[in-house]
Amino acid sequence: MKRNKLAIFGLLVLGSFVVLAILAPMLAPYDPSEIIENETIPPSLKHLFGTDDLGRDIFSRALYGARISLTVGLVAVTIAVLIGTLFGALAGYYGGLLDSALMRMVDVMLAFPSIFLILAIQVMLTPNIYNVMVVIGLTSWMGVARLVRGEFLRIRELQYVEAARAIGCSDLRIIFRHILPNATGPIIVAGTLGMAGAILTESALSFLGLGVQPPMSSWGNMLMDSQAYMRDAPWMAIIPGILILFTVLSLYFVGEGLREKLNVRG
Amino acid sequence: MLEVKDLSVTYFTEAEAVSAVSGVSLLVAKGETLGVLGESGSGKSTLALALMRLVGYPGKIVKGEIWFKGQDLLKLSEAEMIKIRGARISMIFQDPFTSLNPVYSIGDQIAEAIQLHQQVSRREAWSRAKDMLSLVRLDSRRISDYPHQFSGGMQQRAMIAMALSCRPDLLIADEPTTALDVTIQADILKLLLELQRDLGLSIIYITHNFGIIKEVCRRVLVMYKGRVVEEGETLKVLNDPKDNYTKSLIESLRVLRT
């Protein structure tokens with residue numbers, strides 16, 4: 001019950017962030033990359049969240065940043081779920097050598113400290129928002145793969161899978177039509193939690209200057225901009241920090257709520 | 267119609283090779299019901315799966331021939347075998363509660379079986395699925411219900427509808443009533459016998475229950491530790507068993523009854 005309330009809270013926060021992000025062009029009082037003031041102003045009525053070191057309106061930047069951060073999170077996690085589901089499904093369904101081969105690949109990927117892998121790739125590529133999404137997706141599918149493999153190992157032994165075989169279903173049909181729909185619960189939960197991770201990774205990357213590039217704003221690079229002014233303009237750090245915190249926390253609440261609702265173990 | 271010669275199935279574990287079915291031969295004529303009797307672990311379910319070539323890893327059919335309507339099933343490619351499963355040979359299982367996929371409606375699942383083997387539209391498949399439900403004495407208005415809305419007996423009826431939807435020649439029934447109440451058991455058995463008569467179906471009926479075998483099968487095959495230990499007309503086997511295992515099996519029933 002208590003967890004349920006948290007999940008609803010999370011859903012409300014996420015929902016309003018999404019709406020704000022979609023409506024950003026209408027809601028933003030200023031152009032996010034335009035220099036409005038010639039000084040750094042603390043939050044006031046004119047500038048709800050204040051202005052940053054260059055005199056840009058932080059409220060507008062946060063709105064546009066929400067678009068970037070949420071999109072990156074969603075796209076990255078979608079890529080991760082697709083790859084992870086495919087790997088896990090094939091490994092879990094066929095077992096044997098294919099399973100060993102695919103799972104060793106997962107182990108290898110997990111053995112890399114992924115943040116350094118991402119950094120290395122980003123240094124080689126031109127860091128832009130599309131690369132960020134793809135790179136995060138390509139380095140975060142392993143958990144989903146393991147989870148889906150486990151679900152497939154369990155479900156493939158169930159009688160209705162045997163029954164599907166007995167009416168003449170092909171392997172592919174059994175994998176995608178008979179087993180996968182029964183594994184969606186855990187995948188949705190993992191996807192929700194994974195999105196929180198993806199948003200954090202994006203923020204970290206942008207913070208390090210290898211993610212979303214200025215003048216485009218993301219919550220991560222807003223944090224980076226704030227570094228030098230922590231003492232004089234703390235709002236520059238506090239606002240994107242709180243936004244990231246609330247988004248990630250909300251995703252965790254929603255994920256946990258779904259886990260309970262969908263009866264997912266672990 | 268079905269002739270199995272010297273069929274052997276072995277499960278290969280890392281430590282050893284376990285023979286689950288060894289050198290089983292059997293014959294089923296058109297319209298006939300053959301009983302396969304055996305205790306748990308006697309290899310009767312493995313035999314059923316082997317007949318459809320569905321023995322899964324780490325099991326393997328190591329020897330034998332399965333002649334079905336003039337062709338050896340063991341020589342077919344997997345693609346050819348898929349066309350036979352559900353169309354010419356069907357199977358129903360022990361536990362109706364887990365034999366239906368929980369995420370699809372009853373109609374979806376029967377229609378799927380039809381559409382896998384026959385070039386018909388979805389609408390046509392659904393209308394045939396409705397006919398199948400009536401055939402197994404289920405209310406065809408409940409075609410859009412999900413498995414959890416059905417009782418165990420109804421689920422087994424739906425399974426039978428699914429298995430027979432393409433009018434197969436042979437139905438393999440692997441303990442189809444074991445998980446059901448005694449009264450429901452009788453209903454399902456009656457239904458199977460009626461359908462057999464109406465559709466000219468051959469049935470291989472697998473069970474550990476001598477009472478049911480006596481009820482539905484003229485001929486019976488007794489399995490023990492993967493081998494056929496006795497075979498013959500049911501009444502003869504029952505009244506005058508030749509094999510020691512069959513004797514003790516029948517004796518144990520007498521003990522239970524008195």
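Quick mapping for you: the protein sequence lines, in order, are chains R and G. Once you know that position 185 of the first sequence is 185 in the working numbering, the rest is easy, because the numbers rise by one and skip nothing. Numbers in the working numbering are just positions in the second sequence, counted from 1, shifted up by 266. Glycine included, each C-beta is placed from N, C-alpha and C at the ideal position.
Using three-state DSSP, classify residue i as helix, strand or coil.
i        : result
Arg485/G : strand
Met425/G : helix
Thr473/G : strand
Gln360/G : coil
Ile155/R : helix
Arg388/G : helix
Glu496/G : strand
Lys243/G : Because chain G in this structure spans residues 267 to 524, residue 243/G falls outside the shown range and cannot be described.
Gly209/R : coil
Asp405/G : coil
Phe334/G : strand
Ile355/G : strand
Tyr30/R  : coil
Hey, how far is the Cα of residue i from the Cα of residue j?
i        : j        : result
Arg156/R : Tyr323/G : 12 Å
Ser226/R : Gly150/R : 44 Å
Gly96/R  : Phe278/G : 13 Å
Ile58/R  : Met216/R : 13 Å
Leu515/G : Gly168/R : 36 Å
Glu497/G : Arg485/G : 8 Å
Ser525/G : Val212/R : This structure gives no information on residue 525/G, because the portion of chain G shown stretches from 267 to 524.
Asp509/G : Asn263/R : 52 Å
Ser392/G : Ser400/G : Checking the sequence shown, residue 392/G turns out to be Trp, not Ser. Looking at the two C-alpha atoms, the distance is approximately 13 Å.
Ala286/G : Val321/G : 11 Å
Tyr490/G : Leu158/R : 26 Å
Leu6/R   : Asn131/R : 34 Å
Val386/G : Gly297/G : 28 Å
Ile380/G : Val161/R : 17 Å
Leu27/R  : Leu20/R  : 8 Å
Thr126/R : Ile68/R  : 17 Å
Gly492/G : Ile115/R : 56 Å
Leu117/R : Leu249/R : 26 Å
Ala377/G : Gly418/G : 20 Å
Using a beta-carbon distance below 9 Å, is residue i in contact with chain R?
i        : result
Lys349/G : yes
His414/G : no
Ala395/G : no
Ala283/G : no
Gly309/G : no
His383/G : yes
Gln337/G : no
Gln360/G : yes
Asn505/G : no
Met420/G : no
Pro442/G : no
Ser365/G : yes
Met398/G : no
Against chain G, with Cβ distances strictly below 9 Å, would residue i count as a contact?
i        : result
Pro181/R : yes
Glu256/R : no
Gly143/R : no
Leu158/R : yes
Gly88/R  : no
Ala28/R  : no
Ser170/R : yes
Gly10/R  : no
Gly92/R  : no
Taking the alpha carbon of residue i as the reference point, which residue from the options has its own alpha carbon closest?
i        : options                                : result
Ser33/R  : Phe112/R, Arg56/R, Ile68/R             : Arg56/R
Asp361/G : Met398/G, Met425/G, Leu340/G           : Met425/G
Trp219/R : Thr184/R, Leu54/R, Thr201/R, Leu98/R   : Thr201/R
Tyr229/R : Ala28/R, Leu6/R, Ile41/R, Val13/R      : Ile41/R
Ile179/R : Ser274/G, Ser311/G, Pro413/G, Tyr370/G : Tyr370/G
Val123/R : Ser206/R, Gly197/R, Ala166/R, Glu37/R  : Ser206/R
Asp53/R  : Val189/R, Ile35/R, Ala163/R, Val161/R  : Ile35/R
Ile270/R : Gly137/R, Ala7/R, Ala196/R             : What the structure shows of chain R is the stretch from 1 to 266, and residue 270/R is not part of that stretch, so it cannot be assessed.
Glu441/G : Val290/G, Thr312/G, Lys335/G           : Thr312/G
Glu39/R  : Thr51/R, Tyr252/R, Phe17/R             : Thr51/R
Gly330/G : Gly301/G, Val290/G, Ser306/G           : Val290/G
His383/G : Arg407/G, Thr364/G, Asp397/G, Met428/G : Met428/G
Leu404/G : Glu499/G, Ile454/G, Met357/G           : Ile454/G
For the beta strand (DSSP E) containing residue i, name the first residue and the last one.
i        : result
Tyr277/G : 268-278
Leu272/R : Residue 272/R cannot be examined here, being either before or after the span of chain R that is shown, 1 to 266.
Ser291/G : 283-294
Asp440/G : 436-440
Leu300/G : 299-304
Taking Cβ-Cβ distances shorter than 9 Å, what residues in chain A pair up with residue i?
i        : result
Ile167/R : The question asks about chain A, but that chain is absent: this structure's protein chains are R and G.
Check for me: the alpha helix (DSSP H) holding residue i runs from which residue to which?
i        : result
His383/G : 372-383
Phe253/R : 235-261
Tyr130/R : 129-138
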